[in-house]
Structures are given as structure tokens and as C-alpha cells.
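*Asks:*
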Amino acid sequence: MIGLLFLFAACQEKVTSPARVDTLPSIFPDYVGVTIPSTIAPLNFRVTDDGVEAVDVVIAGTKGKPVRLNGRLVDIPAKQWHELLESNKGDSIEVKVSVRQGKKWKEYRPFPIYVSPFPIDYGLVYRLLAPGYEVYSKMGIYERELSTFRQTPLFENTQVTAACINCHAFNRTEPTPSSVHVRGGHGATVIDTGDRLEFLDTKADGQLSACVYPYWHPSGEYIAYSVNKTNQAFHLGGKKPIEVFDQASDVVVYHPRSHRILTTPLLSTASFETFPAFSPDGRTLYFCSAEQKEMPVRYKDVKYSLCSIAFHPEDGTFGDRIDTLISARTLDKSISFPKPSFDGKYLMFTLSDYGNFSIWHKEADLWLLDLKTGTYRNLEEVNSDDTESYHNWSSNSHWFVFSSRRGDGLYTRLYISSVDGQGRIGKPFLLPQQDPYTFYDQLIYSYNVPEFVSAPVQWDKREMAKGLMSKERVKVK
Numbered sequence: 003m004i005g006l007l008f009l010f011a012a013c014q015e016k017v018t019s020p021a022r023v024d025t026l027p028s029i030f031p032d033y034v035g036v037t038i039p040s041t042i043a044p045l046n047f048r049v050t051d052d053g054v055e056a057v058d059v060v061i062a063g064t065k066g067k068p069v070r071l072n073g074r075l076v077d078i079p080a081k082q083w084h085e086l087l088e089s090n091k092g093d094s095i096e097v098k099v100s101v102r103q104g105k106k107w108k109e110y111r112p113f114p115i116y117v118s119p120f121p122i123d124y125g126l127v128y129r130l131l132a133p134g135y136e137v138y139s140k141m142g143i144y145e146r147e148l149s150t151f152r153q154t155p156l157f158e159n160t161q162v163t164a165a166c167i168n169c170h171a172f173n174r175t176e177p178t179p180s181s182v183h184v185r186g187g188h189g190a191t192v193i194d195t196g197d198r199l200e201f202l203d204t205k206a207d208g209q210l211s212a213c214v215y216p217y218w219h220p221s222g223e224y225i226a227y228s229v230n231k232t233n234q235a236f237h238l239g240g241k242k243p244i245e246v247f248d249q250a251s252d253v254v255v256y257h258p259r260s261h262r263i264l265t266t267p268l269l270s271t272a273s274f275e276t277f278p279a280f281s282p283d284g285r286t287l288y289f290c291s292a293e294q295k296e297m298p299v300r301y302k303d304v305k306y307s308l309c310s311i312a313f314h315p316e317d318g319t320f321g322d323r324i325d326t327l328i329s330a331r332t333l334d335k336s337i338s339f340p341k342p343s344f345d346g347k348y349l350m351f352t353l354s355d356y357g358n359f360s361i362w363h364k365e366a367d368l369w370l371l372d373l374k375t376g377t378y379r380n381l382e383e384v385n386s387d388d389t390e391s392y393h394n395w396s397s398n399s400h401w402f403v404f405s406s407r408r409g410d411g412l413y414t415r416l417y418i419s420s421v422d423g424q425g426r427i428g429k430p431f432l433l434p435q436q437d438p439y440t441f442y443d444q445l446i447y448s449y450n451v452p453e454f455v456s457a458p459v460q461w462d463k464r465e466m467a468k469g470l471m472s473k474e475r476v477k478v479k
């Protein structure tokens with residue numbers, strides 16, 4: 003034990019006579035000035051300057067015990083990190099980085115990390131999938147505990163032959179009830195009620211397709227779905243390799259207790275309706291709608307507006323008119339992924355030049371609609387020069403997670419951003435990893451459909467695989 007302590011002390015190289023420079027250090031990930039929850043896993047980072055011989059980092063707040071570290075990979079002890087964040091909740095901590103280059107020390111300008119007073123949920127659930135367009139390569143649904151680096155597989159397609167697993171959804175971040183869609187020869191929509199698993203055939207008679215994009219009603223009594231006839235086409239050149247588009251699409255609502263599909267002619271028109279989402283009070287159904295065009299010839303002319311219709315949860319009926327909240331004609335752009343915050347203040351959406359498959363649109367950005375005033379704006383605080391696409395809110399609406407291709411422009415990574423009590427948006431931070439530089443450099447999977455969860459998800463993987471491999475399905479009506 004004494005030997006180990008001596009070795010540790012010997013590694014703590016002392017900074018002597020550093021030259022102070024008024025520049026920030028080059029680090030990956032860029033955690034300069036981000037806002038974080040007090041329970042987040044350590045924001046480990048690596049100094050990326052060339053010719054670095056030694057690194058010294060001091061992390062301190064106005065309260066609590068400072069943390070001092072050596073090494074190009076700044077690997078922060080979890081216990082000390084969380085104690086320091088808890089002591090400075092609602093305030094900030096300061097990170098001071100010094101490097102030795104050419105036997106001389108240089109001390110960079112310290113940078114802040116802001117510690118929000120608002121808590122964040124237990125974890126995230128997301129899909130990880132390798133690049134590909136047709137073949138169902140390895141993919142799965144995974145859960146990440148946000149206070150640690152622990153990632154747990156919830157279900158992987160290696161458990162079912164030739165399957166694509168996607169479109170998982172939870173009700174206001176609660177782990178149950180939940181749903182997940184599986185495509186392929188053993189396809190089904192799986193509903194976890196908490197007591198049992200149901201395996202559904204959601205292709206009702208006369209319906210365009212099986213149910214696709216889901217959103218739970220806050221009561222847990224309904225699930226809104228889109229039904230889509232989706233196709234894809236490939237570009238012969240350019241930076242955008244693929245276009246995914248709908249030939250037709252409608253919006254329906256599923257009632258799990260009766261296994262019935264509820265619909266209205268207003269949501270089954272010749273127009274393309276998709277991406278449904280219930281309001282927090284459950285009395286409004288938001289969705290996107292575009293005028294029908296000849297596809298794929300006029301795919302660039304398909305631009306989606308943000309619309310809504312009243313919903314009556316007492317009897318599962320709809321209102322008698324469609325309201326257009328943001329017109330595609332006004333913006334000459336296309337809206338996808340409308341997500342209302344659970345406190346009812348905002349609705350976040352993705353804006354791109356056309357279509358609804360924004361993950362392949364470099365110009366796609368996140369926008370925010372104020373539901374009280376009706377004003378909307380570009381979220382410049384979080385957007386980059388590359389794709390920002392799918393997003394979701396935390397249970398208290400003070401955090402949101404979104405997917406972005408910033409960095410290499412190829413793989414989708416997850417970022418988390420804060421919303422304070424006045425609606426101000428904090429600088430987003432990349433999902434922390436034990437060794438983020440190595441992890442993200444070597445990861446060949448993209449993150450997809452991130453969802454916050456307030457507690458661990460308890461899917462029975464064995465029962466799910468068994469049910470999918472069987473031919474028994476509950477046919478919806």
C-alpha cells in the first residue's frame with residue numbers, strides 16, 4: 003500500500019514557473035463553458051495540443067475540495083467529481099489546465115463549467131446502429147446511466163434473426179409502459195405494459211402500413227402513430243448519399259386496452275401526415291403535414307408544416323378542424339420531429355430544406371416554438387454547421403438531448419443541453435465517456451432516437467426474443 007502511494011505521489015509532477023497565456027486549452031470534448039447537472043458522469047477530456055510532455059489540471063469551485071490531476075487524459079475520480087458538483091450546484095466550477103512543452107510549463111486561461119440547480123433523469127435509451135441502408139447489420143436498443151459510464155443492452159437484433167429494431171418510446175420518461183417496433187421476418191410492435199409483453203400486428207385493414215413513429219398519451223391510454231409507405235433512393239454524386247421519403251402517410255391513434263385503431267378523415271387525407279406528438283395535457287395532437295407531390299420526381303418540393311388537431315381522451319375522438327401552427331410556405335422549409343416540453347412551455351422541432359428524413363440533411367437545425375406567444379426561433383446556442391436532428395426532453399423540461407453529426411460529419415453523436423428558469427439555453431455537452439477521445443474515434447456506430455428515462459428499463463430480453471420468434475400476434479382492429 004505504501005509503495006502504491008509513493009508511486010502515485012511520484013506521478014504528481016509539480017508545475018514550476020508557468021508562462022500564463024490568455025488562450026483556452028485545446029481539449030476534446032469541448033467542455034468549455036458548458037452547463038451540466040450535478041449528477042452527470044465525470045467530464046473526462048484529453049488535451050490535444052501537439053508536443054505535450056506533461057499535463058496538470060486543477061478543478062475547483064468556491065465550495066468543496068479541489069481536484070488535481072496529471073496526464074494527457076484527464077480521468078476524474080467519480081466520487082470527488084460528484085462531491086465537488088454537489089457543493090457548487092447552482093454556481094460553477096473552474097478548470098485550470100497547464101501543459102509542459104519543450105521542458106517549459108504553460109498555464110492556459112481557466113474556463114468555467116456551470117452546474118445547474120435542476121436535476122436530470124436517471125438515464126438515456128437509444129439505438130446504436132452501424133452504417134447501412136438495406137441489410138440489418140448489428141444494432142440494438144441500449145440504456146446509459148447518466149451518473150456513470152455504464153451502458154446496458156436492452157435488446158439486440160442478434161437475439162432475433164434478420165431483424166431491424168427501432169422506434170422505441172416511453173411515456174413521459176417513465177420506463178413503463180413502453181413500446182418498440184421490430185421489422186423483418188419476425189416483425190411486431192412490442193408493448194411492455196409492466197405486467198406483460200404484447201406482440202402486435204398493427205397493420206389494420208385498409209391501413210397504409212403497420213404503425214411506425216410512436217408517441218404516448220400522458221394518460222398511458224393511447225399511443226399516436228404514423229403509418230408510412232417509405233422509400234429510399236440514392237444520389238449518384240454529391241455529399242448527400244441517400245434520400246428517404248414517403249409515398250403516402252397518415253396519423254392514427256392506438257387504444258391498447260381495446261386493441262383498436264382510432265382515426266379521422268382529417269388525418270387520412272391525400273397529404274402526407276406524420277410525426278404525431280401529444281401535448282402534455284393530452285388534449286392536442288401535434289403532427290407534420292405536407293402537400294402530396296409526385297414522388298420521387300418532386301421530392302425536393304415536399305415541405306412539411308407543423309399542424310395540430312384537438313383530441314378528446316374521454317372517448318378517443320378528434321376535433322373537427324386542423325390548425326396550422328407554422329406553415330412550410332411561410333418558411334420555405336420543412337419541419338420534422340415536433341416534441342413539446344412536458345411543462346407545456348415549448349415545442350422543439352427540426353428544420354431542413356425539404357422532406358422529413360433530416361438525419362441526411364447537413365443544413366438541418368433545431369428550432370424552438372414558444373407555445374404561449376407563438377414565436378419561434380433558431381436554437382443558435384446548440385446548432386452547428388452540420389446536422390442536428392432527433393431530440394427529446396427530460397421529465398422536468400430543463401434538459402434536452404439531441405443527435406448531431408458535428409465533428410466528423412459521418413457518425414451521429416449525442417449532446418445534452420440545459421434550459422434554465424428563464425428559458426435560456428446552455429452550451430451543449432457531448433455525452434461523457436471514460437476515455438472520450440479513444441471511444442468516439444473508434445466507435446463505428448451511430449446514436450439514434452435518444453429518449454430520457456427516469457429509472458432503469460426492465461425489458462425481459464428472453465421473453466421478448468421468444469415472443470418475436472413465435473408467430474402469435476394480436477391483430478389490431
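Here the sequence shown is numbered in our numbering, starting from 3 and rising by one per residue.
We put the beta carbon where it would ideally sit given N, CA and C, even for glycine.
By the DSSP assignment, the beta strand (DSSP E) with G179 in it spans what residues?
*Replies:* In the sequence on display, residue 179 carries Pro and not Gly. Element bounds for P179: 176-186.
*Asks:* DSSP on E158, reduced to helix/strand/coil?
*Replies:* E158: strand per DSSP, three-state reduction.
*Asks:* Does the distance from the C-beta atom of P340 to that of Y288 stay below 9 Å?
*Replies:* Going by C-beta atoms, P340 is nearer than 9 Å to Y288.
*Asks:* Using beta-carbon positions only, say whether A226 and V246 come within less than 9 Å of one another.
*Replies:* No, the Cβ-Cβ distance between A226 and V246 is not below 9 Å.
*Asks:* Please report the distance separating the alpha-carbon of C169 from that of G196.
*Replies:* So the two alpha carbons sit approximately 18 Å from each other.
*Asks:* What residue range does the alpha helix (DSSP H) around S149 cover?
*Replies:* Here S149 belongs to no alpha helix (DSSP H), and DSSP marks it neither H nor E.
*Asks:* Any chance you could list the beta strand (DSSP E) runs of at least 3 consecutive residues sitting entirely within the region 391-434, in chain order?
*Replies:* Correct list: 401-406, 415-420.
*Asks:* What does the alpha-carbon distance come out to for the pair G318 and T414?
*Replies:* Cα-Cα distance, rounded: 37 Å.
*Asks:* Secondary structure at A11, three-state DSSP: helix, strand or coil?
*Replies:* Bear in mind that the predicted position of A11 carries a pLDDT of just 33, short of 50, making it too unreliable to give a figure here.
*Asks:* Sorted by chain position, which residues of the same chain lie with C-beta nearer than 8 Å to S456's C-beta, five sequence neighbours on each side aside?
*Replies:* Closer than 8 Å at Cβ, skipping near neighbours: D123, Y124, T175, E176, P177, S397.
*Asks:* Kindly indicate which residue of D58, L264, Y215 has the alpha-carbon position closest to the one of T18.
*Replies:* It is D58.
*Asks:* On the premise that S281 lies in contact with G346, defined as a C-beta separation below 8 Å, what is that separation, rounded to the nearest angstrom?
*Replies:* Sure, about 7 Å apart at Cβ, within 8 Å.
*Asks:* Tell me where the alpha helix (DSSP H) around H314 begins and ends.
*Replies:* Unbroken run through H314 is the beta strand (DSSP E), 307-314; no alpha helix (DSSP H).
*Asks:* With a CB to CB cut of under 6 Å and the five nearest residues on each side skipped, what residues in its chain are close to L9?
*Replies:* A caution first: L9 carries a pLDDT of 31, below 50, which makes its placement in the model unreliable, though a value can still be read off. Same-chain partners within the cutoff: there are none.
*Asks:* Quick one: what does DSSP say E382 is sitting in, helix, strand or coil?
*Replies:* Correct three-state label for E382: coil.
*Asks:* Sort M297, D387, I427, K364 by Cα distance to Y348 and report the nearest one.
*Replies:* If we check each option's Cα against that of Y348, I427 comes out closest.
*Asks:* Taking the DSSP output, what are the residues bridged to I61?
*Replies:* Paired residues: V69, V97.
*Asks:* According to DSSP, which residues form a beta bridge with D77?
*Replies:* According to DSSP, which records beta bridges pairwise, D77 is partnered with nothing at all.
*Asks:* Cα separation between V54 and V101?
*Replies:* Those two C-alpha atoms are separated by around 6 Å.
*Asks:* Kindly indicate the opening and closing residues of the alpha helix (DSSP H) around D443.
*Replies:* Run containing D443: 438-444, per the alpha helix (DSSP H) assignment.
*Asks:* So, does the region 388-397 touch the region 431-442, judging by three or more C-beta pairs under 8 Å?
*Replies:* Short answer: they don't touch.
*Asks:* To the nearest angstrom, how far is the alpha carbon of V229 from that of F277?
*Replies:* Between V229 and F277, the C-alpha separation is close to 9 Å.
*Asks:* Taking a contact to mean a Cβ-Cβ separation below 9 Å, would you say S305 touches A330 in this structure?
*Replies:* For clarity, residue 305 is Lys in the given sequence; the question names Ser instead. Contact flag set, yes.
*Asks:* With 16 as the cutoff for other CB atoms within 10 Å, does E316 come out buried or exposed?
*Replies:* Exposed, since its Cβ has fewer than 16 Cβ neighbours within 10 Å.
*Asks:* Do E474 and F201 come within 9 Å of each other at the CB atom, strictly closer than that value?
*Replies:* Yes. Within cutoff.
*Asks:* I'd like the list of long-range same chain contacts for D51, defined as Cβ closer than 8 Å, with 5 residues on each side in sequence excluded.
*Replies:* P27, S28, V101, Q103, listed in sequence order.
*Asks:* Please determine whether the Cβ atom of D437 lies at a distance below 8 Å from any heavy atom of the ligand HEM.
*Replies:* For the ligand HEM, the structure offers nothing, since it holds no ligand at all.
*Asks:* What does DSSP give as the partner residues of E200 in its beta bridges?
*Replies:* In DSSP, E200 forms a bridge with I193.
*Asks:* According to DSSP, V254 sits in a beta bridge with which residue or residues?
*Replies:* Beta-bridge pairing links V254 to Y227.
*Asks:* Should the region 402-409 be called in touch with the region 455-471, which here means at least 3 C-beta pairs below 8 Å?
*Replies:* No, they do not touch.
*Asks:* Could you tell me if G92 is buried or exposed, where buried requires 16 or more neighbouring beta carbons within 10 angstroms of its beta carbon?
*Replies:* Exposed is the call here.
*Asks:* Apart from the five residues on each side of it in sequence, which residues of its chain come closer than 6 Å, Cβ to Cβ, to K205?
*Replies:* Closer than 6 Å at Cβ, skipping near neighbours: A212.
*Asks:* In the DSSP assignment, find the unbroken beta strand (DSSP E) run with K341 in it and report its ends.
*Replies:* K341 -> beta strand (DSSP E) spans 336-342.
*Asks:* Note the first and the last residue of the continuous beta strand (DSSP E) segment covering G208.
*Replies:* Taken as a continuous stretch (DSSP letters only), G208 belongs to no beta strand (DSSP E), as it is neither H nor E.
*Asks:* Buried or exposed: L470, going by 16 or more other Cβ atoms within 10 Å of its Cβ?
*Replies:* The residue in question, L470, is buried, as its Cβ has 16 or more Cβ neighbours within 10 Å.
*Asks:* Do you know offhand how far V451's Cα is from Y215's?
*Replies:* Looking at the two C-alpha atoms, the distance is approximately 11 Å.
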